[in-house]
Amino acid sequence: MSRVLIVGSSGTHSADGRANVSRLINAVRREAHGLDVADGYVDQQSPTLAEVVRTTAGPRAIVPLLLTRDPLPLRAMVAAARQDPSVSVTAPIGPDWVLAEIGVQRLMEAGARPDDTIVLAADAVTDEAAVEDVSKAARLLSAVWGGRVHVGTLAGLDADLGDAIDVARAYGKRVVVSSYVLTSGVAHDQMLLCGADVVTAPLVPPGAPDQRLVGLVLARARSRSGWLSADDGEHRAAHG
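Note that the working numbering has the sequence shown beginning at 2, numbered continuously upward.
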């Protein structure tokens, strides 16, 4: 029996965002030799993860298309996994060196220059574990970019994006926002209006998905060392 990779996504109302995620999942499906690939969603799209778990069988891994240990979608994914002991939840895809490399590519595509002030912008963070993940994402981006990276979030426990941009302006340089979001949607729309001089495209823009990201999703699915049991996953989602 083939193992099943369930790509778990938060879901989005954005038509562009849905199309971009769908292209990513189809690219994963094409490269997933020896794995059957299904997709499920926490909210706003169907099928739900619970439905996918009920209609599949055998060893299954839910790979969260999450850039941090965001507690709300992660709890939902763990709850879906608890329906069947054959289902595990892997670590989210972020933070990771691969995402930092793609983030630098987005900076270069946006015309960022070495003397710009870079602010990594993330969606709202409401959990200490997610705050740690955003900070780690900024450190990885800084290492690949080769310069300092500030951090701002749209809401929650970390520095407000608007405040972070105000601080960045004190350096007297252009402020470039590195969008730490997966795809188009409300969060990226808000980043475009944040007052920065330049805002990068999401990690998954229109067009063919980056093969490095495809490989990252597959690596999560195939590395059992990163898997969480349902009970462990619920504990981590609740406590970080």
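Ideal placement from N, C-alpha and C gives every residue a C-beta, glycine not left out. All values derive from a computational prediction rather than experimental measurement.
Could you work out which residue in the options is closest to residue i when comparing CA atoms only?
i      : options                           : result
Val126 : Ala156, Gln84, Arg223 and Leu36   : Ala156
Arg19  : Gln212, Gly186, Ala220 and Asp211 : Gly186
Ser179 : Leu100, Ala81, Val8 and Val64     : Leu100
Gly147 : Asp159, Met109, Leu162 and Val135 : Met109
Ala130 : Asp159, Val105 and Arg140         : Asp159
Pro203 : Ala122, Val150, Ser136 and Ser87  : Ala122
Arg213 : Leu141, Ile103 and Pro65          : Ile103
Gly243 : Gly95, Ala139 and Val5            : There is simply no residue 243 to check, as the chain begins at 2 and stops at 241 in what is shown.
Asp85  : Gln191, Arg70 and Arg55           : Arg55
Gly41  : Ala139, Ser3, Arg70 and Ala81     : Ala81
Lys174 : Ser23, Asp37, Arg70 and Asp116    : Asp116
Arg70  : Gln45, Asn21, Thr91 and Asp161    : Thr91
Asp97  : Thr184, Asn21 and Leu142          : Leu142
Arg76  : Arg149, Ser11 and Ala113          : Ser11
Val176 : Ala33, Asn21, Met192 and Ala58    : Met192
Ser224 : Ala62, Val105, Val135 and Asn21   : Ala62
Report back the beta-carbon spacing between residue i and residue j to the nearest angstrom; my notes put them in contact at under 8 Å.
i      : j      : result
Pro93  : Leu73  : Not a contact, Cβ separation roughly 13 Å.
Gly153 : Val120 : 5 Å
Val8   : Val218 : 7 Å
Ala144 : Ile166 : Not quite, the Cβ-Cβ distance comes to about 22 Å (not below 8 Å), so this is no contact.
Val205 : Val29  : Their Cβ separation, rounded to whole angstroms, is 12 Å, which puts Val205 and Val29 out of contact at 8 Å.
Ala169 : Thr201 : Actually they are not in contact, since the Cβ atoms of Ala169 and Thr201 sit about 15 Å apart, beyond 8 Å.
Pro210 : Leu25  : 4 Å
Ala222 : Val53  : Not really, about 14 Å apart at Cβ, beyond 8 Å.
Ser1   : Pro48  : Any property of residue 1 remains undetermined from this structure, which presents the chain solely from 2 to 241.
Val199 : Ala111 : 5 Å
Helix, strand or coil for residue i per DSSP?
i      : result
Ile94  : coil
Pro60  : coil
Gly9   : strand
Ala125 : coil
Ser23  : helix
Arg4   : strand
Ser89  : strand
Ser224 : coil
Ala231 : Only weak support exists for where Ala231 lies, its pLDDT of 41 falling under 50; the coordinates are left without a value.
Ala16  : helix
Which stretch, first to last residue, makes up the alpha helix (DSSP H) that contains residue i?
i      : result
Arg149 : Run containing Arg149: none; DSSP gives neither H nor E here.
Val187 : Val187 to Leu193
Arg76  : Pro72 to Ala82
Answer with yes or no whether the minimum CB distance from residue i to chain D is below 8 Å.
i      : result
Arg107 : This model lacks chain D altogether; it includes just one protein chain.
May I ask you to check if the CB of residue i is nearer than 7 Å to at least one heavy atom of the ligand HEM?
i      : result
Val145 : Annotation note on the ligand HEM: not contained in the displayed structure, which lists no ligands.
Worksheet item: If you scan the segment 26–59 from start to end, which runs of the beta strand (DSSP E) of 3 or more residues do you find wholly inside it?
Response: 36–42
Item to complete: Enumerate, from N- to C-terminal direction, the unbroken alpha helix (DSSP H) stretches of 4 or more residues contained entirely within the segment 156–212.
Response: 162–170 and 187–193
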